[in-house]
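Under this note's numbering, the sequence shown has 309 at position 168, and the numbering climbs by one with no breaks.
For each residue, glycine too, the CB sits at the ideal point set by N, CA and C.
A quick note: this is a predicted structure, and the numbers were derived from the prediction, not measured.
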Amino acid sequence: MAARLIDGRLMAADIKAEVRRGAEELLRSRGITPGLAFILVGDDPGSEVYVRSKGKACEELHFRSVTERRPATIAEAELLEMIAGFNADPAIHGILVQLPLPPHIDEQRVIEAIDFRKDVDGFHPVNVGKLVLGLKCLRPCTPAGVLELLARSGNDPGGKHAVVVGRSNIVGKPVCNMLMQKRPGANAAVTIVHTGVKDIAPLVRQADIVVAAMGRPRSITGAMLKPGCVVIDVGMNRIPDPTARNGTRLVGDVDFASAVEVASAITPVPGGVGLMTIAMLMKNTLQAAAGDAGS
Ligand code: GUN
Numbered sequence: 142m143a144a145r146l147i148d149g150r151l152m153a154a155d156i157k158a159e160v161r162r163g164a165e166e167l168l169r170s171r172g173i174t175p176g177l178a179f180i181l182v183g184d185d186p187g188s189e190v191y192v193r194s195k196g197k198a199c200e201e202l203h204f205r206s207v208t209e210r211r212p213a214t215i216a217e218a219e220l221l222e223m224i225a226g227f228n229a230d231p232a233i234h235g236i237l238v239q240l241p242l243p244p245h246i247d248e249q250r251v252i253e254a255i256d257f258r259k260d261v262d263g264f265h266p267v268n269v270g271k272l273v274l275g276l277k278c279l280r281p282c283t284p285a286g287v288l289e290l291l292a293r294s295g296n297d298p299g300g301k302h303a304v305v306v307g308r309s310n311i312v313g314k315p316v317c318n319m320l321m322q323k324r325p326g327a328n329a330a331v332t333i334v335h336t337g338v339k340d341i342a343p344l345v346r347q348a349d350i351v352v353a354a355m356g357r358p359r360s361i362t363g364a365m366l367k368p369g370c371v372v373i374d375v376g377m378n379r380i381p382d383p384t385a386r387n388g389t390r391l392v393g394d395v396d397f398a399s400a401v402e403v404a405s406a407i408t409p410v411p412g413g414v415g416l417m418t419i420a421m422l423m424k425n426t427l428q429a430a431a432g433d434a435g436s
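Now the structure itself:
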């Protein structure tokens, strides 16, 4: 029997509608329009696509948005100065520096230069620390989107065993921390597996929920899954496809064709987690604009 599809498109649209209502209320009650600043360094085509779709979401929700594009040769000091300007700007509530940055720039220094109350990516060490402690903070968008997908599809992780594949700072580590928190929508037993684990298959096969976030195309197959498990595929891999118009195709970290036959529910790529990331970014920006980003 084929798994049920978890429709990220539909859920992202619901979240954006909720954010739009929240923003209208914030404008009515306190005269605040959420403002988001994007900083894009270099001309990575993937980053350009991300930033464009984020800008479009701002337009849809009537948020203010500013995009600063700079060449890959920008000096770190200039980037830090730009961030300081946005930190001091009361019309800007969220600052997003698109990653990766060119190798001559210290990514961590850049992240730490952002006022943590405007860190809508949830990458600042203050937000990372608060997330681990279970305190109110701005939460990373993709992991927050994973938890929303589980909750909204009726797959409460409470008491379940979630196996997270991948330990990146952007997805693997934060999604682990979120899933294990003692609160509704989380409260799972969590295992994290990564490239240091010789054979991940026996561990993945124990999972009620699999979160695939290691950035390797189609590497979690149906044979590695426990029948009836829920699969959340965070992967966004562009692979060559001569039949496609632009010669490439987007695939996840999960081999969809085999996994769909074993799982009870699965997110497609595209149309799954990716759209949730942007919806959660808008939600974080509203939270920051409302002054509700922790202190
Ligand atoms: N690059 C890939 N994913 C992300 C993300 O979530 N935020 C930022 N700023 N850059 C990214």
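Residue 427 carries a helical assignment under DSSP once its states are collapsed to helix, strand and coil. Straight across, the Cα-Cα distance linking residue 333 with residue 313 is about 8 Å. Contact between the stretch 142-160 and the stretch 415-424 is present: three or more C-beta pairs spanning the two stretches fall below 8 Å.
For residue 221 and residue 429, the gap between their C-alpha atoms comes out near 21 Å. Taking C-beta separations shorter than 6 Å and ignoring five residues to either side along the sequence, the partners of residue 367 in its chain run 346, following chain order. DSSP lists 180 as the bridge partner or partners of residue 209. As the crow flies, the alpha-carbon of residue 280 is around 32 Å from that of residue 389. Look at residue 324 here: in three-state DSSP terms it is coil, with no helix or strand label. Looking at 350, 271, 264 and 286, the one whose alpha-carbon comes closest to that of residue 298 is 350. With fewer than 16 other Cβ atoms from the protein chains shown falling within 10 Å of its own Cβ, residue 174 counts as exposed. Under the Cβ criterion (8 Å, minimum of three pairs), the stretch 383-400 does not count as touching the stretch 265-284. Set against 6 Å, the gap from the CB of residue 262 to the closest heavy atom of the ligand GUN is smaller.
For residue 236, DSSP records a beta bridge to 178. Of 361, 311, 213 and 399, the smallest CA-CA separation from residue 418 is found for 311. No Cβ-Cβ contact shorter than 7 Å links residue 396 with residue 376. In the three-state reduction of the DSSP assignment, residue 283 falls in the helix class.
Taking C-beta separations shorter than 7 Å and ignoring five residues to either side along the sequence, the partners of residue 294 in its chain run 147 and 406, following chain order.
Taken atom to atom, the span from the alpha-carbon of residue 240 to that of residue 184 is near 12 Å.
Judged by DSSP in its simplified three-state form, residue 146 adopts strand. By the Cβ-count criterion, residue 289 is buried, with 16 or more other Cβ atoms from all chains shown falling within 10 Å of its own Cβ. Three or more pairs of CB atoms, one per stretch, sit closer than 8 Å, so the stretch 202-220 contacts the stretch 236-255. Its Cα nearest to that of residue 208, the residue 179 stands out among 179, 236 and 225. Rounded to the nearest angstrom, the Cβ distance from residue 404 to residue 371 is 6 Å, consistent with a contact under 8 Å. Secondary-structure assignment with DSSP links residue 378 through a beta bridge to 392.
Contact annotation, residue 391 with residue 411: C-beta distance approximately 5 Å; criterion of less than 8 Å satisfied. In the structure shown, the three-state DSSP call for residue 267 is helix.
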